[in-house]
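A.B. asks:
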Amino acid sequence: KAGVTQTPRYLIKTRGQQVTLSCSPISGHRSVSWYQQTPGQGLQFLFEYFSETQRNKGNFPGRFSGRQFSNSRSEMNVSTLELGDSALYLCASSLDGTGRAPEYFGPGTRLLVL
Amino acid sequence: AQKITQTQPGMFVQEKEAVTLDCTYDTSDQSYGLFWYKQPSSGEMIFLIYQGSYDEQNATEGRYSLNFQKARKSANLVISASQLGDSAMYFCAMRLHGSSNTGKLIFGQGTTLQVKP
Chain A
1312 KAGVTQTPRY LIKTRGQQVT LSCSPISGHR SVSWYQQTPG QGLQFLFEYF
1362 SETQRNKGNF PGRFSGRQFS NSRSEMNVST LELGDSALYL CASSLDGTGR
1412 APEYFGPGTR LLVL
Chain B
421 AQKITQTQPG MFVQEKEAVT LDCTYDTSDQ SYGLFWYKQP SSGEMIFLIY
471 QGSYDEQNAT EGRYSLNFQK ARKSANLVIS ASQLGDSAMY FCAMRLHGSS
521 NTGKLIFGQG TTLQVKP
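Order-wise, the sequence lines are chains A and B.
Residue numbers for the first sequence follow my numbering, beginning at 1312 and rising by one.
Residue numbers for the second sequence follow my numbering, beginning at 421 and rising by one.
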């Protein structure tokens, strides 16, 4: 069974631009979560989607948004990029979103904002 | 608030020896899961092992075992017979069970493990 895939793997943007990251979960998984990882803040939860609905959201500004499609694929969007948005963005999927199943992560998207 | 603490920023271990990575957690909830992930320099987070708060036996997955001491709120990872490929960052994480918290992993700061040949 294929794992979680994320595209693109690497991205360079300039301040003020916007970016869209994509995540395809493991087949059959309905819950997708997004995390931001930086050296200073560590791993921080962005949001979780389950059956196309945002179920949980972390403490990030409204510039960060996401959505989930009927096939469970998810996208996250960051508008008006800031230098501090440079990070590794990790997507994770789990089977049923009960909180009792492991989250399996993708390889991540490394975003550099210049 | 929930919190994960990993007090060892860096660890060294000789190849083929066992190593224990420490993790303590803080929560007032009774139902939760504890996870360990490995992150090599490539960045991908690799799931290693899971322990539920109501599981009576310590979880084991191959060379990985989780030493779960609920009263002490600790969930240490034990890696037996270390291999060079075990060199990576290791994260302990917790997730509360319940609809309002589902899908939200809380991570510790991580421990960098280096295996010496």
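Where a beta carbon is used, it is the ideal one built from N, C-alpha and C, also for glycine.
Between which residues of its own chain and L1423 of chain A is the CB-CB distance below 6 angstroms, once the five residues before and five after are set aside?
C.D. replies: Stepping through the first sequence from its first residue, residue 1423 of chain A is reached at position 112. Excluding sequence neighbours, L1423 of chain A sits near I1323, S1397.
A.B. asks: Rounded to whole angstroms, what's the CA-CA distance from R492 of chain B to P1413 of chain A? Just pull it up for me.
C.D. replies: Residue mapping note: residue 492 of chain B aligns to position 72 of the second sequence, counting from 1. Residue mapping note: residue 1413 of chain A aligns to position 102 of the first sequence, counting from 1. Approximately 23 angstroms, taken between the alpha carbons.
A.B. asks: Threshold first: 4 residues or longer. Then list the alpha helix (DSSP H) segments lying entirely within the region 466 to 533 of chain B, N to C.
C.D. replies: Segments of the alpha helix (DSSP H) lying fully in the region 466 to 533 of chain B: there are none.
A.B. asks: To be precise: take each residue of the region 473 to 501 of chain B, compare its Cβ to all Cβ atoms of chain A, and keep it if any distance is under 9 angstroms. Which residues remain?
C.D. replies: Listed by position, the residues of the region 473 to 501 of chain B near chain A (Cβ gap below 9 angstroms) amount to none.
A.B. asks: What is the C-beta distance between E435 of chain B and K524 of chain B, in whole angstroms, given that I count them as a contact (C-beta under 8 angstroms)?
C.D. replies: Within the second sequence, the letter at position 15 stands for residue 435 of chain B. Within the second sequence, the letter at position 104 stands for residue 524 of chain B. With a Cβ gap of about 37 angstroms, E435 of chain B and K524 of chain B do not count as contacting.
A.B. asks: So, does the region 1329 to 1346 of chain A touch the region 1373 to 1383 of chain A, judging by three or more C-beta pairs under 8 angstroms?
C.D. replies: Enough Cβ pairs lie closer than 8 angstroms, so yes.
A.B. asks: L1399 of chain A versus chain B: which residues are under 9 angstroms apart at the beta carbon?
C.D. replies: As a working mapping, residue 1399 of chain A is identified with position 88 in the first sequence. Those are G463, listed as they occur along chain B.
A.B. asks: Please identify the residue among A:T1409, A:S1338, A:N1367, A:G1373 whose C-alpha is closest to the C-alpha of S1383 of chain A.
C.D. replies: Locating residue 1383 of chain A in the first sequence gives position 72, where the first residue counts as 1. Comparing Cα-Cα distances from S1383 of chain A to each of A:T1409, A:S1338, A:N1367, A:G1373, the minimum goes to A:S1338.
A.B. asks: Using DSSP with H/G/I as helix, E/B as strand and the rest coil, what is G1353 of chain A?
C.D. replies: Against the first sequence, residue 1353 of chain A aligns to sequence position 42. The answer is strand: DSSP assigns G1353 of chain A an E or B state.
A.B. asks: Per the DSSP calculation, Q1365 of chain A is bridged to which residue(s)?
C.D. replies: Reading the first sequence from its first residue, position 54 is the one you call residue 1365 of chain A. A:Y1360, per the DSSP bridge assignment.
A.B. asks: Alpha carbon to alpha carbon, what distance is there between D1407 of chain A and H517 of chain B?
C.D. replies: Position 97 of the second sequence holds residue 517 of chain B. Position 96 of the first sequence holds residue 1407 of chain A. Rounded to whole angstroms, H517 of chain B to D1407 of chain A spans 12 angstroms at the Cα level.
A.B. asks: In angstroms, rounded to a whole number, what distance separates the CA positions of A495 of chain B and T440 of chain B?
C.D. replies: In the second sequence, counting from the first residue as 1, residue 495 of chain B sits at position 75. In the second sequence, counting from the first residue as 1, residue 440 of chain B sits at position 20. Each residue's alpha carbon lies about 10 angstroms from the other.
A.B. asks: Any idea if R515 of chain B is buried or exposed, counting beta-carbon neighbours within 10 angstroms, 16 or more meaning buried?
C.D. replies: Within the second sequence, numbered from 1, the residue matching residue 515 of chain B stands at position 95. By the 10 Å Cβ count, R515 of chain B comes out buried.
A.B. asks: Output, in chain order, the set of chain A residues within a Cβ distance shorter than 8 angstroms of Q529 of chain B.
C.D. replies: Taking the second sequence and counting its residues from 1, the one referred to as residue 529 of chain B is at position 109. The answer, in chain order, is G1353.
A.B. asks: State the Cα-Cα distance for the pair S448 of chain B and Q422 of chain B, rounded to the nearest angstrom.
C.D. replies: Position 28 of the second sequence, counting from 1, holds the residue named residue 448 of chain B. Position 2 of the second sequence, counting from 1, holds the residue named residue 422 of chain B. C-alpha separation (whole angstroms): 8 angstroms.
A.B. asks: Thinking Q459 of chain B and M465 of chain B are a contact (beta carbons under 8 angstroms), I'd like their distance in whole angstroms, please.
C.D. replies: Position 39 of the second sequence, counted from the first residue, corresponds to residue 459 of chain B. Position 45 of the second sequence, counted from the first residue, corresponds to residue 465 of chain B. Contact holds; Cβ gap of about 5 angstroms.
A.B. asks: Which residues does DSSP pair with Q1379 of chain A in a beta bridge?
C.D. replies: What you label residue 1379 of chain A is simply residue 68 of the first sequence in a count that begins at 1. Looking at the DSSP assignment, Q1379 of chain A forms a beta bridge with A:S1385.
A.B. asks: Report the rounded CA-to-CA distance for S1404 of chain A versus C1334 of chain A, giving the unit in angstroms.
C.D. replies: What you label residue 1404 of chain A is simply residue 93 of the first sequence in a count that begins at 1. What you label residue 1334 of chain A is simply residue 23 of the first sequence in a count that begins at 1. Approximately 9 angstroms between the Cα atoms of the pair.
A.B. asks: Can you list, in chain order, the residues of its chain with a C-beta nearer than 7 angstroms to that of I499 of chain B? Leave out the 5 residues immediately preceding and following it.
C.D. replies: Sequence index remark: in the second sequence, residue 499 of chain B carries index 79 (1-based). Excluding sequence neighbours, I499 of chain B sits near A438, V439, R483, Y484, D506.
A.B. asks: In terms of residue numbering, what span does the beta strand (DSSP E) encompassing T1331 of chain A cover?
C.D. replies: Stepping through the first sequence from its first residue, residue 1331 of chain A is reached at position 20. Looking at the DSSP string, the run of the beta strand (DSSP E) that includes T1331 of chain A is 1330 to 1335.
A.B. asks: In its own chain, which residues sit with a C-beta less than 6 angstroms from the C-beta of T444 of chain B, not counting the 5 before and 5 after it?
C.D. replies: Stepping through the second sequence from its first residue, residue 444 of chain B is reached at position 24. Result list for T444 of chain B: T425, K493, S494, in chain order.
A.B. asks: According to DSSP, is L1394 of chain A part of a helix, a strand, or is it coil?
C.D. replies: Along the first sequence, one-based indexing puts residue 1394 of chain A at 83. DSSP places L1394 of chain A in helix when its eight states are reduced to three.
A.B. asks: The beta strand (DSSP E) that contains F432 of chain B, what's its start and end?
C.D. replies: Locating residue 432 of chain B in the second sequence gives position 12, where the first residue counts as 1. Counting along the chain, the beta strand (DSSP E) containing F432 of chain B begins and ends at 430 to 434.
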